[in-house]
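Peer 1:
Residue numbers (this note's numbering): 124 to 393.
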């Protein structure tokens, strides 16, 4: 999942918006979502996940803003946007990752913009409006609130200081034997971003789609992290997820060097 290209790239006459421009678009989308926050009704989609008017309004805004800047790019959005394009880029959107948290009035939701070239995440923004916190990546570099993130390294911690972030129902599917703490914030993208920042040792992500992974995947890849399937340890290939299907199992975000030790501690149940 190495990130090799960025907004300086030209492909088929197309130039990606600058990283800071993508951040600004995500921030504007977050402002739009905040107008609905803590007083919004929700409904269930066919897959039983929640959706709100804010999800749909924010996705429409992102499609309009990004579509005008990359008119030849394909677009895939969680709330139903599927648009093909002749260019090499595909924009992947999650207007509100963590809709359940959003509906509950909790602040741990985010706006996600991912840009793929082929099946490779090359740029992305994960923006948390309530925290005024932004993770972004482009050109093989990752940033958090304007500061460049360093590549992930080994930080020796006692078991009491270590923690992973996990899907809220992971304990129902997995026998977790991790010796540190387990926390859940309700957003897969935020969980992966915390791993990229070096705060969480790993993220156990459940029921994810491409829109949950694309933006954070660019950030994670830029610092040397990766996504693998918990059941096999195999790298997550974004190609089979490009049509919007759900990943076929739980996904772990982490460092390639530590995942062989961590995966048995997460101990998938059949």
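Each residue gets a CB set at the ideal place from its N, CA and C atoms; glycine is no exception.
A quick note: this is a predicted structure, and the numbers were derived from the prediction, not measured.
Measure the alpha-carbon distance for residue 236 versus residue 156 and round it to whole angstroms.
Peer 2: In the chain shown, the residue the question calls residue 236 occupies position 113. In the chain shown, the residue the question calls residue 156 occupies position 33. Whole-angstrom Cα-Cα distance: 15 Å.
Peer 1: Using only alpha-carbon positions, find the residue among 227, 218 and 226 that is nearest to residue 154.
Peer 2: As a first step, residue 154 must be located in the chain shown, where it is residue number 31. For residue 154, the nearest C-alpha among the options comes from 218.
Peer 1: Residue 166: buried (16+ other C-beta within 10 angstroms of its C-beta) or exposed?
Peer 2: Start at 1 with the first residue of the chain shown, and residue 166 comes out as number 43. With fewer than 16 other Cβ atoms within 10 Å, it is exposed.
Peer 1: Return helix, strand or coil for residue 307, following the three-state DSSP convention.
Peer 2: What you label residue 307 is simply residue 184 of the chain shown in a count that begins at 1. Coil at residue 307, not helix or strand.
Peer 1: On the DSSP bridge assignment, give the partners of residue 326 in chain order.
Peer 2: Translated into the one-based positions of the chain shown, residue 326 becomes position 203. 288 and 376, per the DSSP bridge assignment.
Peer 1: Report the start-end ranges of each alpha helix (DSSP H) in the region 127–204 that is 4 residues or longer and not cut off at the edges.
Peer 2: 142–157 and 176–192
Peer 1: In the DSSP assignment, find the beta strand (DSSP E) that holds residue 247 and state where it starts and stops.
Peer 2: By 1-based counting over the chain shown, the position of residue 247 is 124. It spans 243–251 - the beta strand (DSSP E) in which residue 247 sits, taken as one unbroken run.
Peer 1: Please report the distance separating the alpha-carbon of residue 377 from that of residue 234.
Peer 2: As a working note, residue 377 is residue 254 in the chain shown. As a working note, residue 234 is residue 111 in the chain shown. Distance between the alpha carbons of residue 377 and residue 234 is about 21 Å.
Peer 1: Out of 151, 301, 340 and 168, which one is the CA nearest neighbour of residue 203?
Peer 2: Taking the chain shown and counting its residues from 1, one reaches residue 203 at position 80. The shortest Cα separation from residue 203 among 151, 301, 340 and 168 belongs to 168.
Peer 1: Can you tell which of 368, 389 and 387 has the C-alpha that lies nearest to the C-alpha of residue 170?
Peer 2: By 1-based counting over the chain shown, the position of residue 170 is 47. Nearest C-alpha to residue 170: 368.
Peer 1: Give me the Cα-Cα distance between residue 178 and residue 142, rounded to the nearest whole angstrom.
Peer 2: Taking the chain shown and counting its residues from 1, one reaches residue 178 at position 55. Taking the chain shown and counting its residues from 1, one reaches residue 142 at position 19. Using only the alpha carbons, I get a separation of about 23 Å.
Peer 1: Put residue 357 into one of helix, strand or coil per three-state DSSP.
Peer 2: What you label residue 357 is simply residue 234 of the chain shown in a count that begins at 1. Residue 357 carries a coil assignment under DSSP once its states are collapsed to helix, strand and coil.
Peer 1: Could you give the distance in angstroms between the alpha-carbon of residue 195 and the alpha-carbon of residue 209?
Peer 2: By one-based count along the chain shown, residue 195 stands at place 72. By one-based count along the chain shown, residue 209 stands at place 86. Cα to Cα, the separation comes out at about 6 Å.
Peer 1: Checking 8 Å against the spacing of the C-beta atoms, do residue 199 and residue 213 come in under that value?
Peer 2: By one-based count along the chain shown, residue 199 stands at place 76. By one-based count along the chain shown, residue 213 stands at place 90. Yes, they are a contact pair.
Peer 1: Got a sec? Which residues, its chain only, sit under 8 Å from residue 127 by beta carbon, not counting five neighbours each side?
Peer 2: Translated into the one-based positions of the chain shown, residue 127 becomes position 4. With a pLDDT of only 36 at residue 127, under the threshold of 50, the placement of this residue in the model should not be trusted; the figure read from the coordinates follows. Here the set comprises 243, 245 and 263.
Peer 1: So, does the CB of residue 384 fall closer than 8 Å to a CB anywhere in chain C?
Peer 2: Included in the structure is just one protein chain, with no chain C present.
Peer 1: Does residue 240 pass the burial test, meaning 16 or more other C-beta atoms within 10 Å, or should it be called exposed?
Peer 2: Translated into positions along the chain shown, residue 240 becomes position 117. It is buried - the Cβ of residue 240 has at least 16 other Cβ atoms within 10 Å.
Peer 1: Since residue 239 is in the beta strand (DSSP E), which residue starts that stretch and which ends it?
Peer 2: In the chain shown, residue 239 corresponds to position 116, counting from 1. Taken as a continuous stretch (DSSP letters only), the beta strand (DSSP E) holding residue 239 covers 233–240.
Peer 1: For residue 230, which three-state DSSP category applies?
Peer 2: As a first step, residue 230 is located in the chain shown; it is residue number 107 there, counting from the start. Here residue 230 sits in coil by DSSP.
Peer 1: With H, G and I counted as helix, E and B as strand and the rest as coil, what does DSSP make of residue 263?
Peer 2: Along the chain shown, read from residue 1 onward, the residue named residue 263 stands at position 140. Three-state DSSP puts residue 263 in coil, outside helix and strand.
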